[in-house]
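Per our numbering, residue 2 is the first one in the sequence shown, and the count goes up by one each step. Cβ coordinates follow ideal geometry from the N, Cα and C atoms, glycine included. Comments concern the structure below.
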Amino acid sequence: MAKHFYRASAADFMKIPGSPVAYWALTGELTAFESGTQLEDLAPTRKGMVTARNSLYVRDWHEVSLSKSGLNYYCSREKAKKSGKKWFSYLKGGGFRRWYGNKYDVINWEDDGYLLQTTRHPSEDRVWATNFNLEYIFQPNINWGAVTSSRFSARASSGGELFDAGGSACFPDDKDYFLVLAFLNSKVTGVLLQTLNPTLNFQAGNISSLPLIQFKERVEIEENAKKAIENAKEDWDSFETSWHFTKNPLLSSKEHSKTIELSYAESQRRCKYLINSLHHIEEVNDGLFIEAYNLQDVVNQNTPMDEITLTCNPHYRYGGKRSEEELETLLRCDTFKELVSYAIGCMMGRYSLDKPGLILASQGETLQDYLEQIPSPSFASDENAIVPLTDQEWFPDDATNRFREFVRVVWGDEHLQENLDFVAESLCVHAIKPKRGESALDTIRRYLSTQFYKDHLRTYKKRPIYWLFSSGKQKAFECLVYLHRYNESTLARMRTEYVIPLSAKLNAYAEKLEQDKDASTSTAETKRLEKEVATLHKQQIELAEFDEKLRHYADQRISLDLDDGVKVNYGKFGDLLAEVKAVTGEKPGGQ
């Protein structure tokens, strides 16, 4: 029982803001609360907005038109209003990530948030949304998630954003900015928060009460914080879920390596540098803060690898008690799934090998818009942003053949087969199971046909930008369509350029199989052909039914409004699309 017995003075509790009965508080903490400067005095802390209807006002940034989005460009309400933009970055907190990131969402703040500021509650005499904090929006800030399942983590924002109640923020002056951020990301802050509020719910009031003391190593800590932000931002922007993504990291070396394997090794070297650099920075800063607050007896500066919050760090990304070999396997597989996704983006015109960043990302943009930016592309965008995903090669411009061309353009002809082999091997270490005797291209085709869309839904959190039109369980026909390039004639083109020609090809192939079966003298071969014919007949029936439904929807010339979001728009096509329930929450037809 002795180890659970504490001696504490009521006078000591009075030193802590709010006077909690924190009988475990240490001398170093009490001294800091007594003599330190409350964070509120250096960095006013504010709880964010409550829209009351996020489904109406908030979107994932990739759902809407880039042309209507003001992402980090407008650092004042006046400039944002004059821009005419509708969607602005909206910080909602998110999971455990320090220094930079968790930028997923946008909010409708058109005309200085007119709708949010004027729409009244239907049953009460008040504006429905609350807590606008108008004097702070769009200002540089430090933000965090109010509720987390892990350690407290704070992130830098250079401005141009609004913030949610789930992503509260503080607003230090320029001279204190990096010190405050470093302090909030230190282990000392974790100890102090345990005293103020021993839960995983970090309210603005708790953060504002944190004591910051003065010490001589300030310059070193601030320089470390600046470097930490750089590392975290480079990591965040190396994934296509960032709006500052420029190109896949495997293509980022000044001169592409001759082989994908060498490019992968080079990208891993860069990742390890970022991880080790940030690890060192955090341990140095923690050591300085721990010593300054005299907390050596309760916490040390050693930081576990799974708390280095870079997505390129497999210990953080995957967690759990996995071996180094398991972590490397997962990371290698995901790296090549990301390469395939980037290649699909280049096929769609979202990205280009010839220009960094987003190319076509606004509603209704066409090939002509693409060619105005890139007159002579080394790897051209598809004319209509319709890319077939088929488990057999029926079209020369299907995703598999185009991926092969993508690899050839980037890494050249000399090692093409070796490069395709490495991609296929990488996908087989975790995404799909290897098949004996299968060629690399067939493995890639199988991944695209069976697994790619599941990964795409996961990456984009069930708000996909490439939509999978599917004939059904038999997979007679499937294709991806890029949401931002969809138009009223897309379905008609899909039907005339792919579905109707495929029907003729299946008929011809069925006749050939029947002839081969009749000519076969091998019992085993005959059985194999009979099985293939039976499967093909099922596909023919499925394709005919799909064609009829496709014609019906094509005749309607359905239009989309990206402002409505993926969930609403995805539900307009009945069961022509795959994974309708996963995206919309309802079965096709609203069942």
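Cα-Cα separation, S450 to C347 = As a working mapping, residue 450 is identified with position 449 in the sequence shown. As a working mapping, residue 347 is identified with position 346 in the sequence shown. Answer to the nearest angstrom: the Cα atoms are 18 Å apart.
Would you please state the rounded distance, in angstroms, between the beta carbons of L340 and T401? I believe it to be under 8 Å.
-> As a position in the sequence shown, residue 340 is number 339, starting the count at 1. As a position in the sequence shown, residue 401 is number 400, starting the count at 1. That belief does not hold up - the Cβ atoms of L340 and T401 are roughly 14 Å apart, past 8 Å.
Cβ-based neighbour list, I309, same chain, cut-off 8 Å, excluding 5 preceding and 5 following = Counting from one through the sequence shown, the residue named residue 309 turns up at place 308. The residues are I276, L279, H280, E283, H316 and Y317.
Opposite F89 in the DSSP bridges: which residues?
-> Sequence index remark: in the sequence shown, residue 89 carries index 88 (1-based). Beta-bridge pairing links F89 to G71 and I108.
Beta-carbon contacts of P45 that lie in its chain and below 6 Å, excluding the five residues immediately before and after = The residue you call residue 45 lines up with position 44 of the sequence shown. For P45, where only same-chain residues beyond five positions count, the Cβ hits under 6 Å are F172.
At which residues does the alpha helix (DSSP H) containing L194 begin and terminate?
-> For the purposes of this step, residue 194 is taken as residue 193 along the sequence shown, with counting starting at 1. It spans K188 to L197 - the alpha helix (DSSP H) in which L194 sits, taken as one unbroken run.
From L514 to S471, what distance separates their C-alpha atoms?
-> Position 513 of the sequence shown holds residue 514. Position 470 of the sequence shown holds residue 471. Those two C-alpha atoms are separated by around 25 Å.
Name the two residues that bound the continuous beta strand (DSSP E) containing E479.
-> Residue numbering aside, residue 479 sits at position 478 when the sequence shown is read from its first letter. Here the beta strand (DSSP E) through E479 covers E479 to Y483.
For L390 versus E498, is the C-beta spacing smaller than 8 Å?
-> What you label residue 390 is simply residue 389 of the sequence shown in a count that begins at 1. What you label residue 498 is simply residue 497 of the sequence shown in a count that begins at 1. No, Cβ-Cβ distance for L390 and E498 is not below 8 Å.
On the three-pair Cβ rule with 8 Å, is the segment 69-82 touching the segment 574-591?
-> no
Shortest alpha-carbon distance to T260 belongs to which of V65, G473, N420 and E231?
-> The sequence position of residue 260 within the sequence shown is 259, counting from 1. Ranking the options by Cα distance to T260, first place goes to N420.
Among P376, L354, M349 and K356, which one has its Cα closest to the Cα of S363?
-> The count along the sequence shown starts at 1 and reaches residue 363 at position 362. The residue with the shortest Cα to Cα distance from S363 is M349.
Using three-state DSSP, classify L211 as helix, strand or coil.
-> Against the sequence shown, residue 211 aligns to sequence position 210. In this structure, L211 counts as coil in the three-state DSSP scheme.
Report the partner residues of W412 according to the DSSP bridge assignment.
-> Position 411 of the sequence shown holds residue 412. Note: W412 sits in no beta bridge, so no partner.
Where does the unbroken alpha helix (DSSP H) through L458 begin, and where does it stop?
-> The count along the sequence shown starts at 1 and reaches residue 458 at position 457. F453 to T460 is the extent of the alpha helix (DSSP H) around L458.
Applying the criterion that 16 or more other CB atoms from any shown protein chain within 10 Å of the CB defines a buried residue, is R464 buried or exposed?
-> Taking the sequence shown and counting its residues from 1, the one referred to as residue 464 is at position 463. R464 should be labelled buried.
Using 8 Å as the threshold, is the segment 205-217 in touch with the segment 31-39, meaning 3 or more CB pairs across them?
-> yes
Pick from E111, S124, Y101 and T149 that is closest to A88, judged by C-alpha positions | For the purposes of this step, residue 88 is taken as the residue at position 87 of the sequence shown. Before going further, note that residue 88 is Trp rather than Ala in the sequence given. Checked all of E111, S124, Y101 and T149; the closest Cα to W88 is E111.
Between the C-alpha atoms of D392 and E426, what's the straight-line distance to the nearest angstrom?
-> Residue 392 sits at position 391 when you count from the first residue of the sequence shown. Residue 426 sits at position 425 when you count from the first residue of the sequence shown. C-alpha separation (whole angstroms): 18 Å.
Residues sharing a beta bridge with T38, DSSP = If you number the sequence shown from 1, residue 38 lands on position 37. In DSSP, T38 forms a bridge with L213.
Under 6 Å Cβ to Cβ from A130, same chain only, skipping five residues before and after it: list those, please.
-> Locating residue 130 in the sequence shown gives position 129, counting from the first residue. The answer, listed in chain order, is T52, A53 and L117.
Leaving out five residues on either side along the sequence, give the residues of the same chain with a beta carbon under 8 Å from the beta carbon of K82.
-> One-based indexing of the sequence shown puts residue 82 at position 81. Answer for K82: D112 and D113, listed in chain order.
Smallest Cα separation from D383: which of W395, L361 and E394?
-> For the purposes of this step, residue 383 is taken as the residue at position 382 of the sequence shown. Ranking W395, L361 and E394 by Cα distance to D383 puts L361 first.
So, using beta-carbon positions, are N167 and V192 closer together than 8 Å?
-> If you number the sequence shown from 1, residue 167 lands on position 166. If you number the sequence shown from 1, residue 192 lands on position 191. Contrary to the premise, residue 167 reads as Gly rather than Asn in this sequence. Contact flag unset, no.
Entirely within the segment 337-425 and at least 4 residues each: give me those alpha helix (DSSP H) ranges in chain order.
-> 368-374 and 400-412
Kindly identify the DSSP beta-bridge partner or partners of D165.
-> Indexing the sequence shown from 1 puts residue 165 at position 164. Looking at the DSSP assignment, D165 forms a beta bridge with M50.
Outcome for D287 when other beta-carbon atoms lying within 10 angstroms are tallied against a minimum of 16 = What you label residue 287 is simply residue 286 of the sequence shown in a count that begins at 1. Buried: at least 16 other Cβ atoms inside 10 Å.
Using the rule of at least 16 other Cβ atoms within 10 Å of the residue's Cβ for burial, across every protein chain shown, is Q540 buried or exposed?
-> Indexing the sequence shown from 1 puts residue 540 at position 539. Per the 10 Å Cβ criterion, buried.
Can you tell me whether DSSP reads N144 as helix, strand or coil?
-> Counting from 1 along the sequence shown, the entry for residue 144 is found at position 143. Strand, per DSSP.
Close-in-space but distant-in-sequence residues of the same chain around Y137 (CB under 7 Å, 5 per side omitted) = Here residue 137 refers to the residue found at position 136 when the sequence shown is read from its first residue. Here the set comprises R47 and F172.
Other residues of its chain near R60: CB distance less than 6 Å, five sequence neighbours each side excluded = Residue mapping note: residue 60 aligns to position 59 of the sequence shown, counting from 1. Once the five neighbours on either side are set aside, the close Cβ partners of R60 are V107 and G566.
Please list, in chain order, all residues of the same chain as L503 whose beta carbon is under 7 Å from its beta carbon, the five residues on each side excluded.
-> As a first step, residue 503 must be located in the sequence shown, where it is residue number 502. Result list for L503: W395, F478 and L544, in chain order.
Nearest residue (CA-CA) to S353, options F337, I375 and G365 | Locating residue 353 in the sequence shown gives position 352, counting from the first residue. The option with the nearest alpha carbon to S353 is I375.
Among G161, K217, P589 and W237, which residue has its Cα nearest to the Cα of C272?
-> Locating residue 272 in the sequence shown gives position 271, where the first residue counts as 1. Of the listed residues, the one whose Cα sits closest to C272 is W237.
Buried or exposed: R437, going by 16 or more other Cβ atoms within 10 Å of its Cβ?
-> Residue 437 sits at position 436 when you count from the first residue of the sequence shown. Classification for R437: exposed.
Which stretch, first to last residue, makes up the beta strand (DSSP E) that contains S471?
-> Within the sequence shown, numbered from 1, the residue matching residue 471 stands at position 470. From DSSP, the beta strand (DSSP E) with S471 extends over Y467 to S471.
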